[in-house]
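Enquirer: Going letter by letter, the sequence shown gives residues 69 to 948 in our numbering. Quick reminder that beta carbons are idealized off the backbone N, C-alpha and C, glycines included.
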Amino acid sequence: MIGGLRVSTRRHGARLACVALGLTALANVSSSAHAAGSQSLYVGEPGAATTTWQGAALTGTSDPLGPPSTTGCDQSTCERTPVVVNAPAGFAAANDITLTASAVSSDGAGLDIAILDAAGDVLASQASGVADATTSVAYVAPGTYTVEVDGDTGDGGTYTGSASVSSAPITPEQTFPTADMSFGRETIADPIRTGTEPTIQTALDGTIYESPIFGFSTTLSFVDRSTDGGKTFHTLGVPTPAATTGKNTTCPGGGDSDLATDPNGNLYFIDLGGAPVVPAAVSSDRGNTFTSACLANDQSNVNNFPDRQWLSTDTVHGVEWYIYRDGLVSEDAGVTDSFLSKPYGEYIKYAPLAKAPNAAGAAQLAFTSLCTTSAVPAEATPCMSDVSIAGNAVTDDSATSPYAGTTYLAFTRGDGISVAAINPSGVLGDKFTVFKEFTAVPGAANVLFPTVAVDRSGTVYEAYTDAKTYAVMLTHSSDGGQTWSAPVQINAAPVHTTVMPWIVAGDGGRVDVVFYGSPKVDAPTTNTGPWNVYLVQSLDAASAAPHFTQNLVTDRPNHDEPICLSGLGCTTDTGPAGDRNLGDFFRVALDPSGRAVISFADGNNKLGADVPSGAANGGVANPSLAEFVQQASGPSLYSSVGTVPPVAVPTGSVTVAPHDVVVPVNAPAGVATPTPSLELLGSSVDYADATHLHVHLDVADLDTTAPATTTGGPVATYLTRWNSGGSIYYAAAELAGGQWSYFAGEAAPVEGGGNVKFVYYPATTAVTGSVTTGKQGTIDLTVPTSAVGGPKQGDELFSVTSYSLVHAAPTLPTAPTASEFTDQPTVADVLPAYNTAGPSGGAPPALPETHRPILLLAGLALLALAVAPGRRLIRRLAGR
């Protein structure tokens, strides 16, 4: 995302990164920094806990990314002061030591400030160019740190610097019971393209959509779709392998993305493509085709850069809300300039929902501004100013809620967090009660996004990470935001440090909250994990004494480095603390049965370390892959369901029912014909002996001539990939020109300009293979373990997934560069993921899977929604 780019571990800044304007190269911080005298602090023993110094006169550089200075730290623009934190031996193990640094300008000039560790990595920063700049970092160890102060606006003003330490005993972790709940296998949404910060949306017929950020510099946007409840995904918008690029809109995109669906099964999509373009798209056929529009900037006389936009479906008013923050506004239009440390504004727009299935089109992309200028009514103006960051929007559209028709938005405004309630009255577009602002928890957005959800009784919830303890906190309001409960911590042992909570609600009081958690007592910017996905559930969250359960979701850690919390400001930090592979959030949604479905980023791979930029920076360039995992058993958030229908969790092998395979998978009906030679029916991986793996595939009808005539290209690759030891390995059989080849190895990055955007599976090591053609065809590979990372017999292999791929040319022995990667494979078929049996025997045996779309409860859900609007209308006319 672009939103939150100025976020520190303690405070969010509020300016658009130069990176977002195409400045992709940042100078390294100069090693010849001017420094004030070294300062000493003491905690837990005699000595001063606060120190001050007189800072130099600094010339403003108006560096939009903030500390460390991208132009070099010299005597005219920047000053660095060493600060030594002293504490008795063992003190830090029992106490949380917090280091705070401040700089006060003598003449009101704007300053930026940061705290760096001994390696020069940024631990915390405030980079909004204010006259009184402050930042702090918790859980520091005794040692030497550096306070950097940068001139931002103004020229030649001196400053007074200060640093202090404080401590508090580390509170023993609370404990929660583990729910009788299990989770399915972690499923890769796209094995070819990297992506982070994936959004997720479910439709009433059970279709699941996921869209990660691919990078707006690429101009490409993608949506991954599952029609079998999340067991398998296909990437939409990739027309043929002959095209070097493919996407789901005609506009340049690739930045922040969000998805929404409506009761008629239409899919809404929006993301960023660089100022002033906002790619928007809608599909009435589950993503097979899209109608798209390149929305321009909102005011004709300014350069308005939209930032971190959200969608929310409002069935009460029959609109799709489109809410976003402006990233760059000119003072000429009477709106302050965020580059000059002035506040952002939040725009609110809406477009009509399609009123029937298969009816969505251009009208659903014609957005009307809720707030406009008086001089030029057609031009949008911010509905709220002084906004530094805004979390997701959610609409209360429950027939049983007294607040139906209210859309809630969690955001930071001024010094506190507000929840805005957008509740139009009268005829939409005529008269509005635009929104009310309710203070929920001041400072809840200090660590990335707060998130909100509303249950079917109308209770609204907010979840956030506490900026001091890095615990997940939860508060709720049962009166439409008028009053809020005291926040409670909802993470428990063994999790100590958390980031990026996301909440979803079902029936009254029933909520799920997911987050990344680490057992270590360190701030995220210094915490090497391991990080895993956790889910906390409550079935009485709105009660005076709520109960919670906590469950580990992931089979293996999804991250093992510190997590940067400074948005695009992380790009200035070339060390491990600048790792932004996980983006700034991940999401949980509910399927029609009330089960949790989760999209998250998996950065636990070696892809980044294999490129020069990653190797030089300790693996910081490690890219992430968008993954999916679903609740397989346990309580539903819909009380009428009780427990969710169980989902098989396969181990060692998987089989599926016969199904049609067409290329591309999103071809409109009649364009592509089924290709049984690409139809996978089963997969298994086991240890043939102590030094070899046996990989087996079942194919419906292995016709060696069929791939040569398929729409996807003449080369067919039957690939099985898995995760082991923090790396991605694979084995493959490839058919090209009637000849088979067999190979295995470690996945390789496709790099361009220091960025890893694709994963390649090169023909690295030849292995032994055999093929049985015809109906019920088989492929068998014998793979030396030395070719795939050397797993020992009994070691578990994770997320084993088999694919049939089609492309134009045989696989190369080494990965191409990004500019050379014109032969991007198209996934023809994919099987559900499974793990091999580990030393403890793994999960229950594999059960047959199916590729049929999930329709569970869809009929009841559609009926309820069909009845609900009329009931709501009657209640609204009655004045409620």
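Grab me the residues of A609's own chain with a C-beta within less than 6 angstroms of its C-beta, minus the 5 sequence neighbours each way, in chain order.
Expert: So the list reads G577, V579, once near-sequence residues are dropped.
Enquirer: Could you name each continuous beta strand (DSSP E) segment of 3 residues or more that falls completely within the segment 551–604, going from the start of the chain to the end?
Expert: Counting whole runs of 3 or more residues, the segment 551–604 contains the beta strand (DSSP E) stretches 565–573, 579–586.
Enquirer: What separation, rounded to the nearest whole angstrom, lies between the Cα atoms of K423 and A467?
Expert: Cα to Cα, K423 sits roughly 19 angstroms from A467.
Enquirer: Measuring only the C-alpha atoms, how far is G862 from V753?
Expert: In a straight line, the C-alpha of G862 is about 12 angstroms away from that of V753.
Enquirer: Would you say the segment 615–624 touches the segment 765–785, given that touching needs at least three Cβ pairs under 8 angstroms?
Expert: No contact exists between the segment 615–624 and the segment 765–785.
Enquirer: Answer yes or no: do F696 and A257 have a C-beta to C-beta separation smaller than 8 angstroms?
Expert: Yes, the pair counts as a contact, with Cβ atoms nearer than the cut-off.
Enquirer: By DSSP's criteria, V153 is part of a beta bridge. Which residues make up the other side?
Expert: Bridge partners of V153: L109, G211.
Enquirer: What's the C-alpha gap between D382 and I490?
Expert: The alpha-carbon atoms of D382 and I490 are separated by roughly 11 angstroms.
Enquirer: Could you name each continuous beta strand (DSSP E) segment of 3 residues or more that falls completely within the segment 710–772, going from the start of the chain to the end?
Expert: For the segment 710–772, whole beta strand (DSSP E) runs of length 3 or above, ordered along the chain, are 721–723, 748–757, 760–770.
Enquirer: How many angstroms separate the CA atom of R624 from the CA atom of E864?
Expert: Rounded to whole angstroms, R624 to E864 spans 10 angstroms at the Cα level.
Enquirer: For L899, list the residues DSSP reports as bridge partners.
Expert: For L899, which the question treats as bridged, DSSP gives no partner whatsoever.
Enquirer: Can you tell me where the alpha helix (DSSP H) with A161 in it begins and where it stops?
Expert: Run containing A161: 159–162, per the alpha helix (DSSP H) assignment.
Enquirer: Helix, strand or coil, according to DSSP, for F284 in the structure here?
Expert: Note: F284 maps to helix in three-state DSSP.
Enquirer: Taking the CB atoms as reference points, tell me whether Q377 and L327 lie closer together than 8 angstroms.
Expert: Result no, Cβ atoms of Q377 and L327 do not sit closer than 8 angstroms.
Enquirer: Check G473 in the structure and name its three-state DSSP category.
Expert: Coil at G473, not helix or strand.
Enquirer: Please confirm whether Q122 and V151 have their CB atoms less than 8 angstroms apart.
Expert: Not a contact, by the Cβ cut-off of 8 angstroms.
Enquirer: With a 10 Å radius around its C-beta and 16 neighbouring C-beta atoms as the bar for buried, classify S611 as buried or exposed.
Expert: With fewer than 16 other Cβ atoms within 10 Å, it is exposed.
Enquirer: Is the beta carbon of A117 closer than 8 angstroms to that of S285?
Expert: No, these two residues do not count as a Cβ contact at 8 angstroms.
Enquirer: Could you check where the beta strand (DSSP E) with C362 kicks off and where it finishes?
Expert: Where C362 is concerned, the enclosing beta strand (DSSP E) stretches over 359–363.
Enquirer: What whole-angstrom Cβ distance do V563 and P587 have, given they're in contact under 8 angstroms?
Expert: Right, the Cβ-Cβ distance comes to about 6 angstroms (below 8 angstroms), so this counts as a contact.
Enquirer: Just to confirm my understanding: we take P425, look at its own chain, exclude 5 residues before and 5 after, and list those with CB closer than 6 angstroms. What are they?
Expert: These residues qualify, in order along the chain: N332, G333.
Enquirer: Taking just the CA atoms, how far does Q557 sit from P913?
Expert: Its pLDDT being 35, under 50, P913 is placed unreliably by the model, and the measurement read from it follows with that caveat. About 37 angstroms.
Enquirer: At 3 residues or longer, and completely inside the segment 796–837: list those beta strand (DSSP E) runs for me, N to C.
Expert: Listed in chain order, the complete beta strand (DSSP E) runs (minimum 3 residues) inside the segment 796–837 are 807–814, 816–820, 823–828.
Enquirer: Does any residue of chain D bring its CB to less than 8 angstroms from the CB of R524?
Expert: Among the protein chains of the structure shown there is no chain D, as only one such chain exists.
Enquirer: With respect to the beta strand (DSSP E) encompassing N791, which residues constitute its N-terminal and C-terminal limits?
Expert: N791 -> beta strand (DSSP E) spans 783–792.
Enquirer: For T759, collect the residues of the same chain with a Cβ closer than 8 angstroms to its Cβ; drop the 5 residues on either side in sequence, then sort them by chain order.
Expert: Counting only Cβ-Cβ distances below 8 angstroms, and skipping sequence neighbours, we find P852, T853, S854.
Enquirer: May I have a chain-ordered list of the beta strand (DSSP E) segments no shorter than 3 residues that lie completely inside the segment 235–279?
Expert: Whole beta strand (DSSP E) segments, 3+ residues: 264–270.
Enquirer: Below 8 angstroms between beta carbons: does that hold for V717 and S193?
Expert: Against a cut-off of 8 angstroms, the Cβ pair of S193 and V717 comes out as no contact.
Enquirer: What did DSSP end up calling A878 once you bin it into helix, strand or coil?
Expert: For the record, residue 878 in the displayed sequence is Pro; it is not Ala. Coil at P878, not helix or strand.
Enquirer: With the cut-off set at 8 angstroms, would you say P691 and T262 are in Cβ contact?
Expert: Contact flag set, yes.
Enquirer: Count the other CB atoms, across all protein chains shown, that sit within 10 Å of the CB of L550; report buried if there are 16 or more and exposed otherwise.
Expert: In the sequence as presented, Leu is not what sits at residue 550; that position holds Gln. Its Cβ having fewer than 16 others within 10 Å, Q550 is exposed.
Enquirer: Inspect the beta-carbon positions of N626 and V601 and report whether they are closer than 8 angstroms.
Expert: Yes; because the gap between Cβ atoms is below 8 angstroms, this pair is in contact.
Enquirer: Per DSSP, what kind of secondary structure is S854 in: helix, strand or coil?
Expert: Of the three classes helix, strand and coil, the one that applies to S854 here is helix, per DSSP.
Enquirer: Within the continuous beta strand (DSSP E) that includes I631, where are the two ends?
Expert: From DSSP, I631 is part of no beta strand (DSSP E); its letter is neither H nor E.
Enquirer: Counting only the same chain and skipping the five closest in sequence on each side, list residues whose C-beta sits under 8 angstroms from that of H875.
Expert: Answer for H875: P309, G780, G781, V783, T785, D891, Q892, P893, T894, listed in chain order.
Enquirer: Taking the alpha-carbon positions, what's the N559 to L542 distance?
Expert: Roughly 10 angstroms between the two C-alpha positions.
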